[in-house]
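Here the working numbering is used: the first residue of the first sequence is 672, the next is one more, and so on.
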Amino acid sequence: MRIATWNVNSVGARIDRVVEWLESAKPDVVALQELKCTDDAFPHLPIQAAGYEAVTLGTGRWNGVAILSRVGIADVTRGLVGQPDFDGAAEPRAIGATCGGVRVWSLYCPNGREPGHEHYNYKLEWFKALNATVQSELAANPDQPFAAIGDYNIAPTDADVWDISQFIDSTHVTAAERAALTELEELGLSEVMPRSLKGEPFTFWDYRNGSFHRGWGMRIDLIYGNSAFTSRVTDAYIDRDARKGKGASDHAPVVVDIS
DNA sequence: ATGCCCTATGATATAGGA
672 MRIATWNVNS VGARIDRVVE WLESAKPDVV ALQELKCTDD AFPHLPIQAA
722 GYEAVTLGTG RWNGVAILSR VGIADVTRGL VGQPDFDGAA EPRAIGATCG
772 GVRVWSLYCP NGREPGHEHY NYKLEWFKAL NATVQSELAA NPDQPFAAIG
822 DYNIAPTDAD VWDISQFIDS THVTAAERAA LTELEELGLS EVMPRSLKGE
872 PFTFWDYRNG SFHRGWGMRI DLIYGNSAFT SRVTDAYIDR DARKGKGASD
922 HAPVVVDIS
């Protein structure tokens with residue numbers, strides 16, 4: 672079974688590319704982030720025409736997550752256990768579903784903006800809610816394959832950004848953010864490292880400053896799984912080609928194959 | 001080569017992204 676995660680930066684603006692990618696990569700399950708649309712506006716018709724059903728959580732202009740599947744979607748959960756509000760609202764950043772026997776979460780973790788910012792504190796609180804959700808689900812079904820995949824907005828190590836000296840006093844690389852990943856690992860999750868098909872192993876390149884052709888990228892779209900999941904992994908890769916050309920998302924898909 | 005920002009919004013600027 673092939674599972675993928677992709678921050679598409681607006682599913683409406685990207686729908687043709689998304690459908691084209693589904694047809695070429697042939698994933699069975701896809702976690703999408705940054706839909707930037709309401710549930711009502713989600714483009715179900717072209718997704719269905721490509722052979723997938725979709726469950727979504729979207730409120731409009733910002734955020735939004737979905738899971739696409741051609742192997743069934745059951746037991747859909749929207750939001751996290753104890754998820755914090757931001758600016759008085761629960762943002763659409765997490766959706767979980769069981770697809771083909773695998774429990775999958777599509778995650779769009781908060782950015783944080785800058786260390787010490789209200790949004791940074793929200794980011795750390797959000798990860799506590801993710802931790803509580805993962806802990807609860809792993810305890811309920813310890814033998815079921817479980818994958819928490821998406822845009823984590825954290826680079827796990829200094830090697831996961833193009834130049835760590837550019838990240839002094841920046842989010843995505845702080846000890847507190849990385850500690851949130853360590854705490855997920857302490858629950859029994861571990862990261863599936865994707866290989867790079869060609870070029871540097873990043874998953875995001877800013878639109879600005881020609882970052883993509885300069886190799887100024889970051890690896891922030893991550894695959895975490897429990898041992899029932901990771902023991903079945905046969906391959907994982909970053910589809911960097913999907914970042915090329917006009918009309919691309921600023922993120923590349925990350926794909927994992929399991930037996 | 002992949003080439004120097006993009007998206008949605010009660011828009012004609014602004015917020016957010018990372």
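Glycine included, C-beta positions come from ideal geometry on N, C-alpha and C.
Query                                                                                                            : Result
In chain order, each alpha helix (DSSP H) run of at least 4 residues that lies wholly inside the segment 841–901 : 846–857, 882–885, 898–901
Continuous alpha helix (DSSP H) stretch holding residue 801: start and end                                       : 789–811
Alpha carbon of residue 762 to alpha carbon of residue 839, nearest angstrom                                     : 28 Å
Touching by the beta-carbon criterion (3+ pairs, under 8 Å), the segment 862–875 and the segment 773–787         : no
Cα-Cα separation, residue 740 to residue 699                                                                     : 6 Å
Residue 750 to residue 807 span [Cα, whole Å]                                                                    : 13 Å
Euclidean distance between Cα positions of residue 746 and residue 692                                           : 26 Å
Option in 758, 895, 759, 871 with minimal Cα separation from residue 886                                         : 871
Where residue 692 sits in the DSSP three-state scheme                                                            : helix
Whole-angstrom distance between residue 792 and residue 744, CA atom to CA atom                                  : 33 Å
For residue 767: DSSP bridge partner residues                                                                    : 748, 776
Residue 784 (DSSP reduced to helix, strand or coil)                                                              : coil
Coarse secondary structure for residue 829, derived from DSSP in three states                                    : helix
For residue 736: DSSP bridge partner residues                                                                    : 704, 728
Beta-carbon proximity check, residue 818 vs residue 909, cutoff 8 Å                                              : no
Cβ neighbour criterion (16 or more within 10 Å) applied to residue 922                                           : buried
For residue 713, three-class secondary structure by DSSP                                                         : coil
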